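If you're matching positions, the sequence shown starts at 245 in the numbering used here and goes up one per residue. Backbone N, C-alpha and C define an ideal beta-carbon position, used for all residues, glycine too. On a predicted model such as this, the values are computed, not experimentally measured, just so you know.
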Amino acid sequence: MTPAPPAAPDASHVKLSFWEKAGYSLSDASANFVFQLLIIFQAGFYTDVMGISAAALGTMLLLVRFSDAITDPIMGILADRTNTRWGKFRPWLLWSAIPFALLFWVAFTVPEGLSDRGRLLYAVGTYTLLMVAYTVNNVPYSALTGVMTADSSERTSISSYRFFAAMAAAFFVQGFTLPLVQKLGQGDDALGWSLTVAIYACIAVVFFVITFFSVKERVPPPPEQRADLRQDLRDVRRNRPWLAMFGMTLFVFITLSLRGSSNYYYFTYFLSPEALTEFVRAAGLFAEAGASGLGFRILDTFGLIVTPGDSPTAVGFSLFNMTGTLVSIVGVLLAKPLADRFGKKWVFIIGLGGATVVQASLAALGPADVNALFVLTILGSVFYGPTIPLLWAMIADTADYSEWKTRRRATGFVYAGIIFALKAGLGLGGAIAGWILAGYGYTVATARTPEVLEGIRLSATLYSAIPFALGTLCMLAYPISKAMEQRIAADLVAQRVSAAAGLTSDSPTL
């Protein structure tokens, strides 16, 4: 008699080490170098540095999203069907690391000697390839959350680690990018962008490799499951929690992209330069006579000190972004205890609903209301912060729900669909920002006219709140309560034990 194949270890109560969680989190820090540039600086880079019109920008961002409708599901299918000694999802981090970094750098490097049409075609091509590389890397990476452990609370913990690292990267990118571009470029913005992104890309490669060597996959699909794409599609169409998450993710990332793109113009053109100057001066970020010390020198090295003759816009924009990100990091850390006590669903609904109200209230502010803007920025981050890690933990719960209902698991495909919604939201938000600016007549020359300033104000405030509100409505339709989550987890443990016992008893004999 041949020995029965060993049953997969029970991952329902696996507690992951600090080092595995920390190692896993680094890849999302890498992805956020790209992600934060796309939601905060992409529109400004393409219009003001690459020289693309706002209308062309909006159309470009939307068209690139059509490629994601193909590449994201394909990547999910490939990842689910990958079988190596490292697992299904881990190897893709290693294989994609260098192409991801190279395309990241190329997309933010402005070629010399191209016509307006040539620059547009270059932007479309490099941005499309960057999004393909992002898909190849991020779909398997995100799916790892669902297979490192089956413990729902541990998944929330993994997501908290992941998004602590992501928010740390966001803090750096949002805070230091414009000052670094200014410092490294020495007046040549195109050179400054190329050098800054080259630094980010090198860090990203190192982080992807560390993640590959840090994590393990422990949750296999049911042993009787056979690959069937049509069944995978039927399963997600009948997966009510997944449909709610898809809609919510789409709307949330429309807001993040629309708001992030609009904030660049809001700070550059709408806010009063005098009020922003006073705010930055009060924060101690002006080079005053006799200023010195280690902290001052570090800030000056990264371009976070306004020297005589400089515009305070870059430093003020960075200060707001960094403060909001720090507050969001606190929210990320609170996500697990809040979710353990109240359930993921209601923490998410209250957080996103509160962020919606705050975002809409920004429309009441005028150009000189910089202090009020700062307070509301902090309040919005308080509400939104806990939702950041919960989104990805809840996607893993939708994969569990599908297995619970159908006895089939397609973790990669489930995550691929949500990542498509994420990137579609990014594209639509950026496209809407470009179209709004074009509709109000934005060009660099007309940026400070009353009509354009009104469009910038509404785009960065009230218009950005609408998709957040729609995302909150989607979450009201999300059916997995805390009690259901616990029931699903218990039932899946029983199913897997039963399947393992059946596999052992049915082993062939000689």
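Given residue i, which residues of its chain have a CB within under 7 Å of its CB, disregarding the five upstream and five downstream residues?
i      : result
Ala367 : Tyr290, Met294, Ile296 and Met304
Thr600 : Ala709, Phe712, Ala713 and Thr716
Ala583 : Thr400, Val591 and Leu634
Phe415 : Met566, Thr569 and Leu570
Val425 : Asp433, Gly436, Trp437 and Thr440
Leu494 : Ala665, Ala668 and Gly669
Ser742 : none
Gly597 : Thr716
Give the range of the alpha helix (DSSP H) segment to which residue i is assigned.
i      : result
Gln280 : Phe262 to Gln280
Glu522 : Pro517 to Ala526
Tyr707 : Leu706 to Leu720
Pro633 : Thr631 to Thr650
Asp613 : Segment: none, Asp613 is in no alpha helix (DSSP H) and carries neither H nor E.
Tyr405 : Ser396 to Gly429
Asn483 : Per DSSP, Asn483 belongs to no alpha helix (DSSP H) and is neither H nor E.
Pro581 : Thr557 to Phe586
Phe456 : Asp433 to Ser458
Using C-beta distances below 8 Å, list every residue in its chain close to residue i, excluding the 5 sequence neighbours before and after it, in chain order.
i      : result
Ala533 : Caution is warranted here: a pLDDT of 42 is assigned to Ala533, below 50, making its placement in the model unreliable, and the coordinate value is therefore given only provisionally. Result list for Ala533: empty, nothing under 8 Å.
Pro723 : Arg484, Pro485 and Ala488
Leu428 : Leu435, Gly436, Leu439 and Thr440
Trp263 : Ser458
Thr693 : Gly685
Glu695 : Tyr684 and Gly685
Between which residues of its own chain and residue i is the CB-CB distance below 6 Å, once the five residues before and five after are set aside?
i      : result
Leu697 : Phe514
Trp336 : Pro384
Lys265 : Ile402 and Tyr405
Lys580 : Thr400, Ser401 and Ser404
Cys718 : Ala488, Gly491 and Met492
Thr328 : Pro335
Thr353 : Ser438
Let me make sure I understand the geometry here. Which of the options has the alpha-carbon closest to that of residue i?
i      : options                           : result
Leu623 : Gly610, Met319, Val574 and Leu717 : Val574
Gly302 : Ser708, Lys726 and Ile676         : Ile676
Ala387 : Arg701, Leu635 and Thr705         : Leu635
Trp349 : Gly390, Thr328, Glu695 and Ala448 : Ala448
Thr400 : Asp641, Phe561 and Leu666         : Asp641
Ala273 : Ala410, Gly683, Ser403 and Gln426 : Ala410
Ala665 : Arg525, Gly491 and Leu578         : Gly491
Tyr509 : Arg462, Gly661 and Phe561         : Phe561
Asp613 : Thr650, Glu647 and Phe511         : Phe511
Ser458 : Ala733, Gly267 and Thr650         : Gly267
Val602 : Thr621, Ser359 and Gly587         : Thr621
Tyr371 : Val658, Ala733 and Gly674         : Gly674
Gly288 : Pro355, Arg651, Ala691 and Leu373 : Ala691
Tyr421 : Arg482, Asn276 and Asn382         : Residue 421 is actually Thr in this sequence, not Tyr. Minimum Cα distance to Thr421 is reached at Asn276.
Gly610 : Ile700, Thr326 and Ala738         : Ile700
Ala394 : Val741, Leu736 and Asp292         : Leu736
Leu282 : Ser311, Val688, Arg503 and Gly598 : Arg503
Ala442 : Ala526, Leu578 and Val278         : Val278
Ala689 : Phe285, Lys259 and Asp292         : Asp292
Lys259 : Ala412, Arg478, Ile593 and Glu398 : Glu398
Residue j and residue i - do their beta-carbons sit closer together than 7 Å?
i      : j      : result
Phe452 : Ala341 : yes
Val626 : Val576 : no
Ala377 : Ala445 : no
Val380 : Met319 : yes
Gly683 : Ile498 : no
Asp316 : Ile663 : yes
Gly595 : Leu306 : no
Ser213 : Ser506 : Within the shown structure, residues of the chain are numbered from 245 to 754, placing residue 213 beyond reach of any answer.
Gly419 : Asn565 : yes
Leu364 : Ala300 : yes
Ile632 : Phe456 : no
Ala607 : Leu681 : no
Gly587 : Ser725 : yes
Ile454 : Leu270 : yes
Gln280 : Val417 : yes
Leu347 : Leu374 : yes
Gly661 : Ala298 : no
Ala643 : Val658 : yes
Ser396 : Ala734 : no
Gly331 : Glu522 : no
Would you check whether the ligand SAM has a heavy atom nearer than 6 Å to the C-beta of residue i?
i      : result
Ala410 : You won't find the ligand SAM in this model; it holds no ligand whatsoever.
(request) Could you tell me which uninterrupted alpha helix (DSSP H) segments, each at least 4 residues in length, are contained entirely in the segment 298–382, listed from first to last along the chain? (result) 298–324 and 334–351
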